[in-house]
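Position 181 of the sequence shown, counted from 1, bears residue number 180 in numbering that gives the first Met the number 0, the numbering being contiguous throughout. By construction, the Cβ of each residue, glycine as well, lies at the ideal position given by its N, Cα and C atoms. Predicted model, so just to flag it, every value in this text is computed and none were measured. Have a look at the structure below before the remarks.
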Amino acid sequence: MRIPLIAGNWKMNMNHESGKDLVRKISNKVSASDTEVVVCCPFPMLLEIGKCLSDSSIMLGAQNMHWENSGAFTGEISADMLLELGVKYVIIGHSERRQIFLETNHMINLKVKKALERQIVPILCVGELLNERETQQTERVLRDQLENSLVNITTQEASKIVIAYEPVWAIGTGKTATPEQAAETIGFIRGWLKEKYGETLSEKVRILYGGSVKPDNISEIMESPNIDGALVGGASLNDEDFINIIHFQH
Ligand code: PEP
């Protein structure tokens, strides 16, 4: 049985006051239930947001990390620094990091390995561009991203990973993949996991959908038994929207 997961990605939004206000409102309405909830806030807010969540079942997440333990990497944050702040999850390889900050699958692979080594759960993001979908390259692109991001990751390590399928054309655009597209593509990812790591592992790994998830489309997206939750950007900045997404099945 895979536990559903709803993760909010604040990106470079909010400040200490608005962030604390938001998580207080969310944690008042979200009790420990059968859905895990993660809030991935910007680095400078991790300490304060973590304190606000200390009595809550909601977990703290980061949006990125470096793969080295320490050293001359100006502007970067290590896994150990995140651990000190109580971080349990980290988004790795978000399409904005791939596109704007030119992260490669190799860098993403190193980050996934380091997060696993330090027992932070990586939420590995994969997804195709619009022209790749339109030219029937989605599966090739995803296979390439998965193979190269998971080099030298053992079956035992892979069982801890969360994968987020985020079609790049659906992120922040208001365009959601149809439930059929999401189900089909996430089915492909689960099939790839089965090929690479075997059936037991492929049934263990949680795969999320991300891309313009809102309260009014979460139920249809979650209809596919292969989809275990959502990575939510814009709608995670609004308490009512995020709470309604978390409570979609009730
Ligand atoms: C995201 O940031 O991962 C995301 C899916 O954003 P949005 O929900 O705003 O499309």
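Using only the alpha-carbon positions, how far apart do I244 and V22 sit? 15 Å
For R139, count neighbouring Cβ atoms within 10 angstroms of its own Cβ and tell me buried if that reaches 16, exposed if not. exposed
May I have a chain-ordered list of the alpha helix (DSSP H) segments no shorter than 4 residues that lie completely inside the segment 74-127? 78-83, 94-99 and 104-116
With 16 other CB atoms within 10 Å as the buried threshold, where does N225 fall? buried
Could you check if H105 is buried or exposed, using at least 16 other CB atoms within 10 Å of its CB as the buried criterion? exposed
How would you write the range of the alpha helix (DSSP H) that E190 sits in, first residue to last? Residue identity differs from the one stated: residue 190 is Gly in this sequence, not Glu. Start and end: P178 to Y196.
What are the start and end residues of the alpha helix (DSSP H) that includes E138? T137 to S148
Which whole-angstrom value is the C-beta distance of V120 and K87, which I expect to be below 8 Å? 6 Å
Any beta-carbon of chain C closer than 9 Å to the one on S158? Given the protein chain composition of this structure (a single chain), no chain C is represented.
Heavy atom of the ligand PEP less than 8 Å from the Cβ of L84, yes or no? no
Consult DSSP for C51 and reduce its assignment to one of helix, strand or coil. helix
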